[in-house]
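Enquirer: Dumping the structure here so I can ask a few things about it.
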Amino acid sequence: MKLLKWNIYLLALLFLGMSSCSSDERLEQKPANEEYLEKAKTILNGDIVLSTKATMSGVDKTLLPQGCPTKFNFKWEKDSMQLSLNGFSVGKMPLIVYFSCKCKFMQLNYYEKNEYGGDGWIKFVGKDGSVTGDNKDDSGVQKGSGAGVIGYLNVKTEELIFIVDYNMMSVRSECFLQTIDKNRIKNYEEEFAQYERDLEAYKKEHGL
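Going letter by letter, the sequence shown gives residues -23 to -1, 1 to 185 in mature numbering (1 follows the signal peptide of the UniProt record, and there is no 0).
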């Protein structure tokens, strides 16, 4: 009798766990709040300079703690956002990579809401992004590429964090949590040149 009760208890726990996971999965696929989505369209639009870490097999190739100024482009087609990086190279990669990916927006799941506290957060996910050496390829889709984007935007504070996984040579671009500053685009060339000077000084100091 005790064994029967124990088995019933375990089955009940399993059912509750499966229900919770299923519910959470449905929430993850639930479209984003319309108000948040409209705000996202005004925030993530055009060329934006963000600080990123370029990693290869988990190793930070940007080296500097402040990361590297990186120019991304965001454009919209209805409720779909295309994120593009028009020219990317890290380490001794023999070519320049052009990346674009179409992203859809959705609500955060239960665990993500706990991680990103406060109101205003919206999640965006892109799959099968286009990774190419051709700067004329702006399709945003390359079936089976395995490349993708996952990120989070707070439409109230304009904080942003996302990762681009190129699914190539274990290379990723990691945009760590930061507040968007659209004025950075005005001084992008100067900021990038300063990064290169600081990087060269770092390499000399550390014998790299």
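For glycine and all other residues, C-beta sits at the position ideal for the given N, C-alpha and C. None of the values given here were measured: they were computed from a predicted structure.
Assign Val36 to buried or exposed, taking buried as 16 or more other Cβ atoms, counted over all protein chains shown, within 10 Å of its Cβ.
Expert: exposed
Enquirer: With DSSP collapsed to three states, give me the class of Tyr143.
Expert: coil
Enquirer: Measuring alpha carbon to alpha carbon, tell me which residue in Thr32, Gly128 and Met145 is nearest Leu60.
Expert: Gly128
Enquirer: Is it buried or exposed, Gly44, if we count other Cβ atoms within 10 angstroms and call 16 or more buried?
Expert: buried
Enquirer: Would you check if the stretch 154 to 172 and the stretch 16 to 33 touch, i.e. whether three or more CB-CB distances between them fall below 8 angstroms?
Expert: yes
Enquirer: Check the C-beta distance from Ser77 over to Ser107 and give it rounded, since I have them as a contact under 8 angstroms.
Expert: 5 angstroms
Enquirer: Using the Cα positions of Phe101 and Phe65, report the straight-line distance between them to the nearest angstrom.
Expert: 21 angstroms
Enquirer: From what residue to what residue does the beta strand (DSSP E) around Asn131 run?
Expert: Gly125 to Asn131
Enquirer: Under 6 angstroms Cβ to Cβ from Ile162, same chain only, skipping five residues before and after it: list those, please.
Expert: Taken in chain order, the residues that qualify are Asp24 and Val26.
Enquirer: Let's see if you can read the secondary structure: which residues bound the alpha helix (DSSP H) around Glu151?
Expert: Element bounds for Glu151: not the alpha helix (DSSP H) but the beta strand (DSSP E), Val148 to Thr156.
Enquirer: Assign Ile73 to buried or exposed, taking buried as 16 or more other Cβ atoms, counted over all protein chains shown, within 10 Å of its Cβ.
Expert: By the neighbour-count rule (16 or more Cβ atoms within 10 Å), Ile73 is not buried but exposed.
Enquirer: Just grab the DSSP bridge partners of Leu60 for me.
Expert: Phe51 and Cys78
Enquirer: From Pro8, Lys18 and Thr39, pick the residue whose C-alpha is nearest to that of Tyr179; which is it?
Expert: Thr39
Enquirer: Go through its chain and collect everything with a Cβ distance to Thr134's Cβ below 7 angstroms, but skip five positions before and after it.
Expert: Correct list, in chain order: Gly97 and Thr156.
Enquirer: Excluding the 5 residues flanking Leu41 on each side, which residues of the same chain have their C-beta closer than 8 angstroms to its C-beta?
Expert: Tyr172, Asp175, Leu176 and Tyr179
Enquirer: Span of the beta strand (DSSP E) holding Ile162?
Expert: If you look at Ile162, you'll find it isn't in any beta strand (DSSP E); DSSP assigns it neither H nor E.
Enquirer: Here's the rule: buried if 16 or more other CB atoms are within 10 angstroms of the residue's CB, otherwise exposed. What is Leu62?
Expert: buried
Enquirer: So Leu185 and Ile99 are supposed to be a Cβ contact under 8 angstroms. How far apart are they, rounded?
Expert: At roughly 39 angstroms, the Cβ-Cβ gap does not stay under 8 angstroms, so Leu185 and Ile99 are not in contact.
Enquirer: Considering Cα atoms alone, identify which of Asn160, Phe82 and Tyr75 is closest to residue 219.
Expert: Lying outside -23 to 185, the shown extent of the chain, residue 219 is not represented and no answer is given.
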